[in-house]
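Counting along the sequence shown from 1, when you hit position 198 you're at 216 in the working numbering, and nothing is skipped either side.
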Amino acid sequence: MATVVERERKFSGDDGFRLPDLTGCGGVVTVSDATAADLDAVYWDTDDLRLLRSGHALRRRTGGHDAGWHLKVGAVGGARVEHQFPAGAADAGPPSELAALIRGASRGRPVAPAARIVNHRRERRLLDADGRVLAEVAEDDVRSEDLIDGVARTWHEIEVELVDGDEELLDAVAARLAGAGAREVPVSKSHRAVAGRLAGFDDGPPAGPAGPVVGYAREQRDTIVGNHAAAYQGDEDAVHDMRVAARRLRATLRTFRGLWDRRESEALRAELRWIGGELGRVRDTQVMADRLDRAVHDLPDELVLGPVPARIGERFAADLDRSTTTLRAALDADRYSDLLTRLDRLADGPTGEVDRRWVDRRIRRVVRRADDRLDAALGVDGPAGDVELHEARKKYKAARYAVEVREPAVGRPAARLVRRFKALQDLLGTHQDSVVTREVLRRHALRAFAEGENTFTYGLLHARQAEAAGHDRAAVLRARDRARRRKVRRWLRR
Numbered sequence: 019m020a021t022v023v024e025r026e027r028k029f030s031g032d033d034g035f036r037l038p039d040l041t042g043c044g045g046v047v048t049v050s051d052a053t054a055a056d057l058d059a060v061y062w063d064t065d066d067l068r069l070l071r072s073g074h075a076l077r078r079r080t081g082g083h084d085a086g087w088h089l090k091v092g093a094v095g096g097a098r099v100e101h102q103f104p105a106g107a108a109d110a111g112p113p114s115e116l117a118a119l120i121r122g123a124s125r126g127r128p129v130a131p132a133a134r135i136v137n138h139r140r141e142r143r144l145l146d147a148d149g150r151v152l153a154e155v156a157e158d159d160v161r162s163e164d165l166i167d168g169v170a171r172t173w174h175e176i177e178v179e180l181v182d183g184d185e186e187l188l189d190a191v192a193a194r195l196a197g198a199g200a201r202e203v204p205v206s207k208s209h210r211a212v213a214g215r216l217a218g219f220d221d222g223p224p225a226g227p228a229g230p231v232v233g234y235a236r237e238q239r240d241t242i243v244g245n246h247a248a249a250y251q252g253d254e255d256a257v258h259d260m261r262v263a264a265r266r267l268r269a270t271l272r273t274f275r276g277l278w279d280r281r282e283s284e285a286l287r288a289e290l291r292w293i294g295g296e297l298g299r300v301r302d303t304q305v306m307a308d309r310l311d312r313a314v315h316d317l318p319d320e321l322v323l324g325p326v327p328a329r330i331g332e333r334f335a336a337d338l339d340r341s342t343t344t345l346r347a348a349l350d351a352d353r354y355s356d357l358l359t360r361l362d363r364l365a366d367g368p369t370g371e372v373d374r375r376w377v378d379r380r381i382r383r384v385v386r387r388a389d390d391r392l393d394a395a396l397g398v399d400g401p402a403g404d405v406e407l408h409e410a411r412k413k414y415k416a417a418r419y420a421v422e423v424r425e426p427a428v429g430r431p432a433a434r435l436v437r438r439f440k441a442l443q444d445l446l447g448t449h450q451d452s453v454v455t456r457e458v459l460r461r462h463a464l465r466a467f468a469e470g471e472n473t474f475t476y477g478l479l480h481a482r483q484a485e486a487a488g489h490d491r492a493a494v495l496r497a498r499d500r501a502r503r504r505k506v507r508r509w510l511r512r
């Protein structure tokens, strides 16, 4: 399997369109002669086109230099990740490794041929003065057929894909193509092939006073689905983003309870806690391994006694392998795909009748609870105080997520409060990280002692973590006061 990140833009030209001279665009000095290829691709999807509707395109293509199975994840016009698998002579469907990567988008449902796209391609390379390939420009004469409703279409398309070039080059080429009469196309060939069936699904923005809440919930669901493939492969950023989206959804279902059926929303919160926990074990191991690795390397060599770096690396590598295996099993499970299907019903279904004032009251309530919890926590010392500060941090996460719901409509005032809550949350997170790190170091020291190894370095790291935690409280107080200034919250009181 190969995985590549592609950055491309698509354009449509009329029958008489001619590719303009692209030299001078973003450092382009030479345009190569065209090479021709005939490409034949069958796109696979569920019967309700969930892959395409979730920003995925799955195809089996013959012809060209990269024939085989391809899975593209991401929106056209942005960075898209493409997973490539070899194809067999008589594949009955996508290989099992690829099927695992589409489970989030497909909701575990079977996929089948949905459209066929045949195109004659003429491809040119854009080169700089050193002969470096900056981008590839492909002209496609496209014929498509929807394999379900039989609708056929033809069009002329131009693709510009970056190789070693940058966004300025893309912009310059786009401007040159527009000057020659081309129009930028915001959708893929597969979207155009099944446009008639896609039009039958209502995937537009939700309306009404509850619209911002529902839209926010959909956004988090889509983040989970969009990061599924990369998280399955252990990508740290994808695991993090997927986990945060699950947290946001849990908080949203709690803050705005009353919009949906109470029993179902609470059941979904429990399931989101489950998948968030599986993601959390992987992410926490990744973060702690990096944190301790940096802490050890920051020490002078003479203070690192014994095989401390090796032991930390070995133990966290084993922990990460176990937690990643467990996460993949969870993402392969029917329980996970059922969770996504239930989220679809909730996010795309009806809601209770509310007005904007109800939404804002719910936001004010969760903000007030966070304020009260932090004030109480700051009055408690020792380990109990650490627990209370961690609970306050979770409350402020919920408050921040609630304010994010209104950010698109309110604009800068809400964005400012989100930033203040995040700053406060980060400080509380730093304190919690210190608490957790000290416990991890204590366990490592006990294990090293039992194995007859020197424990000095573990004790030194433990002391440094404790010292750093002692400086957090003053910063937390300052951040708390900044988050409570009247001008920051005035919009929420209206």
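Note that CB positions come from ideal geometry on N, CA and C, so glycine has one too.
| Check | Outcome |
| --- | --- |
| Roughly how many whole angstroms lie between the Cα atoms of residue 77 and residue 307? | 38 Å |
| Any idea what DSSP makes of residue 298, helix, strand or coil? | helix |
| Below 8 Å CB to CB, which residues in the same chain sit around residue 461 once its five sequence neighbours on both sides are set aside? | none |
| So the candidates are 155, 171 and 193; which of them puts its Cα closest to the Cα of residue 4? | The requested residue 4 is not part of the displayed model; the chain covers only 19 to 512. |
| Excluding five sequence neighbours on each side, which residues of the same chain lie with their C-beta closer than 7 Å to the C-beta of residue 367? | none |
| At what residues does the alpha helix (DSSP H) containing residue 406 begin and finish? | 400-428 |
| What are the partner residues of residue 246, as DSSP defines its beta bridges? | According to DSSP, which records beta bridges pairwise, residue 246 is partnered with nothing at all. |
| For a quick check, are the C-beta atoms of residue 248 and residue 235 less than 8 Å apart? | no |
| Tell me, please, which residues DSSP counts as bridged to residue 137. | 57 and 160 |
| In the DSSP assignment, find the alpha helix (DSSP H) that holds residue 509 and state where it starts and stops. | Per DSSP, residue 509 belongs to no alpha helix (DSSP H) and is neither H nor E. |
| Mapping DSSP to helix, strand and coil, what is residue 180? | strand |
| Checking the sheet assignment: what are the DSSP bridge partners for residue 87? | 78 and 103 |
| Residue 30 bridges to which residues according to DSSP? | 175 and 201 |
| Between 80, 67 and 371, which lies nearest to residue 55 when the distance is taken from Cα to Cα? | 80 |
| In terms of residue numbering, what span does the alpha helix (DSSP H) encompassing residue 565 cover? | Residue 565 lies beyond the range of the chain shown here (19 to 512); nothing can be said about it. |
| Using only the alpha-carbon positions, how far apart do residue 92 and residue 99 sit? | 7 Å |
| For residue 97 and residue 392, I'd like the C-alpha separation in whole angstroms. | 40 Å |
| If I follow the unbroken alpha helix (DSSP H) through residue 70, where does it start and stop? | 68-71 |
| Output the distance between the C-alpha atoms of residue 483 and residue 456, rounded to the nearest integer angstrom. | 7 Å |
| Apart from the five residues just before and just after residue 205, which ones in its own chain have a Cβ nearer than 7 Å to its Cβ? | 94 |
| I'd like the list of long-range same chain contacts for residue 215, defined as Cβ closer than 8 Å, with 5 residues on each side in sequence excluded. | 67, 164, 166 and 167 |
| Taking the C-alpha atoms as reference points, what is the distance between residue 283 and residue 57? | 47 Å |
| Ordered along the chain, which non-local residues of its own chain (more than five positions away) have a Cβ less than 6 Å from that of residue 423? | 230, 231 and 234 |
| Looking only at its chain, what residues have a beta carbon closer than 6 Å to the beta carbon of residue 170, apart from the 5 residues adjacent to it on each side? | 163 |
| Are the CB atoms of residue 129 and residue 62 within a distance shorter than 8 Å? | yes |
| Using only CA atoms, which one of 450, 263, 389 and 193 lies nearest to residue 502? | 389 |
| What separation, rounded to the nearest whole angstrom, lies between the Cα atoms of residue 293 and residue 197? | 50 Å |
| Among 338, 320 and 315, which has the Cα closest to the Cα of residue 327? | 315 |
| Go ahead and label residue 208 buried or exposed: buried means 16 or more other beta carbons lie within 10 angstroms of its beta carbon, across all protein chains shown. | buried |
| Any chance the CB of residue 460 is under 7 Å from a heavy atom of the ligand GDP? | As far as ligands go, the structure on display features none, and thus does not contain the ligand GDP. |
| Buried or exposed for residue 259, going by 16 or more other Cβ atoms inside 10 Å? | buried |
| Using C-beta distances below 8 Å, list every residue in its chain close to residue 452, excluding the 5 sequence neighbours before and after it, in chain order. | 483, 484, 486, 487 and 490 |
| Could you check which residue in 200, 252 and 360 has the C-alpha nearest to that of residue 346? | 252 |
| Nearest CA to the CA of residue 228: which residue from 244, 273 and 254? | 273 |
| Out of 136, 114, 53 and 185, which one is the CA nearest neighbour of residue 211? | 136 |
| In whole angstroms, give me the CA-to-CA distance for residue 543 and residue 33. | The requested residue 543 does not occur in the structure, where the chain is confined to residues 19 to 512. |
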